[in-house]
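Numbering (my numbering), first residue to last: 635 to 1233. Using N, Cα and C, we set each Cβ at its ideal position, and we do this for glycine too. First up is the structure itself, then whatever we jot down about it.
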């Protein structure tokens, strides 16, 4: 008998140990591992239900008090899983995980008391399957099968001579310390390295099955590999490209440490935008006042005191006031002390809460005046022009006018701002808010305001607290939290204007500096005939900030105040209808109805 014909068999248990049998077993195991990896998300609910059943069965088989041990362990595991999900997932995922964890804990106790067999177990499996339906719907597609690609041997790269300070050296460091096995981004490729005045750029392509967010998470490792200080590496999505690809910007020097001065008006009537900030790679970032053919755009500018927020507003207002297509209105939520340089330069300037209410009511009436204009042009949105200018309402320190507390009720201001953002865009009216933090809380907890400003421009400068309210999500993850922005550069100079245009490129930028806006000319701009027919509120006769009455209590205005407001609106020409009076006065429906009955 030849050696190749001998099949080695272990006669003690009947298991074949021939090479063919071993290869077959290994092939089966590889296939099982492949299927497990590919369908692990679909199988996860079965694992959770099975674990719940197992814990209940163990507890049912034990006598008290030993039966409490597996139940306690199961409850601890459920709480731990929920805690992990709560920290790393979205609001919907947290709610779903809470229901799943609570259900698992409840069924563990039920099985321990009623037994792990029979009707209780069947109900548990049926309930678990029903609860798993949203999970299965969400993960209907299995993970992509990349077994063949991963098994393919890597293509050898041609060795190139390395010269310090060139793209070859950058590529060598990447391949050795970033892309090698066991490193932060194994299997990644660095391509298209190009140098510019302040550093170099490249395209990063990750291995199959990875997402560009992984590159973003490796920023600290990249800084270490290239021996750079914090704030010198930026990773941005390449929209329209594979999710494996991202744009890498590495700065060998920091251009933002130098001030970039505003050199004159740059508002382009064809696009509705002007340069507001300079990115870390020297490229300008634009602030957009309107979208051609799509109406006005709202905006939010946030930053703590001395972060440069007012300087950003100076540039925005200067661009607006020097254009013959923009008719800016200004509301100073700081009592007239935040933007005093614009008191005599804006078309309307409100320095008190009551004056702010007057300007907002006037703005709502302008929207109504422009409705016939939209109807005459057959619908669509109004295009800003010298004959029909854009009307931006700029509110500095807006959180002071939008947030309510035990002594101040500003809900009427929130309602008017919501109405302007929801209806004003197509009529050429927009809202530009400036707050301390880009959060829903500082917008009066108004999700309507949040959703509208997200569609425009959000500028985020330095803040002081990481947990400052519900931060407004702008899509792609931020490279760093706004709290982590430095207050000073390494040379000790201030970082005024340093931040992110959060609805644009996710790269550090610094606002253009305008030293004295009062030195810039103002272009006389008039409203269209329909809007000009609306009487302008006489804000100059209002009380000075020091004479303003103390804020009202949370109970709101008195009946006499409401009646007087309604009478004034009717005398000014408002129809005595509830909806018309609500719009023009900012009062609630119940307040208007009660006032109409009394008067």
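- Under the Cβ criterion (8 Å, minimum of three pairs), the segment 885 to 899 does not count as touching the segment 1066 to 1081.
- The beta-carbon distance between residue 1025 and residue 1062, rounded to whole angstroms, is 6 Å. This is short enough to meet the 8 Å contact definition.
- Annotation: the continuous beta strand (DSSP E) that includes residue 1027 extends over 1025 to 1030.
- Look at residue 861 here: in three-state DSSP terms it is coil, with no helix or strand label.
- For the set 998, 1016 and 905, the Cα lying nearest the Cα of residue 1051 is the one of 998.
- Note that the C-beta distance between residue 868 and residue 914 is below 8 Å.
- With 16 or more other CB atoms across the displayed protein chains lying within 10 angstroms of its CB, residue 960 is buried.
- Annotation for residue 758: the continuous alpha helix (DSSP H) segment containing it runs 753 to 772.
- Residue state for residue 996 is assigned as helix, using DSSP reduced to three classes.
- In this model, residue 877 and residue 844 are separated by some 8 Å (Cα to Cα).
- According to DSSP, residue pairing for residue 950 in a beta bridge does not occur.
- In the DSSP annotation of this structure, the continuous segment of the beta strand (DSSP E) that includes residue 911 starts and ends at 907 to 913.
- Inclusion of residue 944 and residue 1046 in the CB contact set at 8 Å is not warranted, their separation being larger than that value.
- Counting C-beta pairs with one atom in each stretch, the segment 737 to 745 and the segment 705 to 718 have three or more that are closer than 8 Å, which means they touch.
- Shown here, residue 709 sits in a helix according to DSSP, grouped into three states.
- Under DSSP, residue 1152 takes part in no beta bridge, so it has no partner.
- Rounded to whole angstroms, residue 970 and residue 977 show a C-alpha spacing of 8 Å.
- A Cβ-Cβ contact shorter than 8 Å links residue 1157 with residue 957.
- Nearest Cα to residue 891 within the set 1128, 689, 991 and 1137: 1128.
- For residue 918, the enclosing beta strand (DSSP E) has its first and last residue at 918 to 922.
- In terms of Cβ geometry, residue 1083 and residue 1042 do not form a close pair [threshold 8 Å].
- In this structure, residue 1151 and residue 975 form a Cβ contact; the two beta carbons are roughly 6 Å apart against a cut-off of 8 Å.
- If you look at residue 1049, you'll find it in the alpha helix (DSSP H) that goes 1045 to 1057.
- Here the segment 915 to 933 lies against the segment 1137 to 1150, with 3 or more beta-carbon pairs under 8 Å apart.
- At the C-beta level, residue 880 and residue 871 come within 8 Å of one another.
- Per DSSP, residue 1194 is one residue of the alpha helix (DSSP H) stretching across 1193 to 1205.
- Membership of residue 1136 in any alpha helix (DSSP H) is not indicated, and neither H nor E is assigned to it by DSSP.
- Judged by DSSP secondary structure, residue 933 falls outside any alpha helix (DSSP H) and instead within the beta strand (DSSP E) spanning 933 to 936.
- Leaving aside the five residues that flank residue 1233 on each side, the residues in its chain whose CB is nearer than 7 Å to its CB run, in chain order, 1197, 1200 and 1201.
- For residue 808, the uninterrupted alpha helix (DSSP H) run begins and ends at 801 to 811, by DSSP.
- Residue 949 holds the alpha-carbon nearest to the alpha-carbon of residue 1149 among 732, 949 and 765.
- When DSSP states are grouped into helix, strand and coil, residue 829 belongs to the strand group.
- Residue 1226 and residue 967 have their C-alpha atoms spaced approximately 26 Å apart.
- Residue 1133 is positioned such that its CB atom lies no closer than 8 Å to that of residue 1147.
- With fewer than 16 other beta carbons inside 10 angstroms of its own, residue 669 counts as exposed.
- A residue is called buried when at least 16 other Cβ atoms come within 10 angstroms of its Cβ; residue 764 does not meet this threshold and is exposed.
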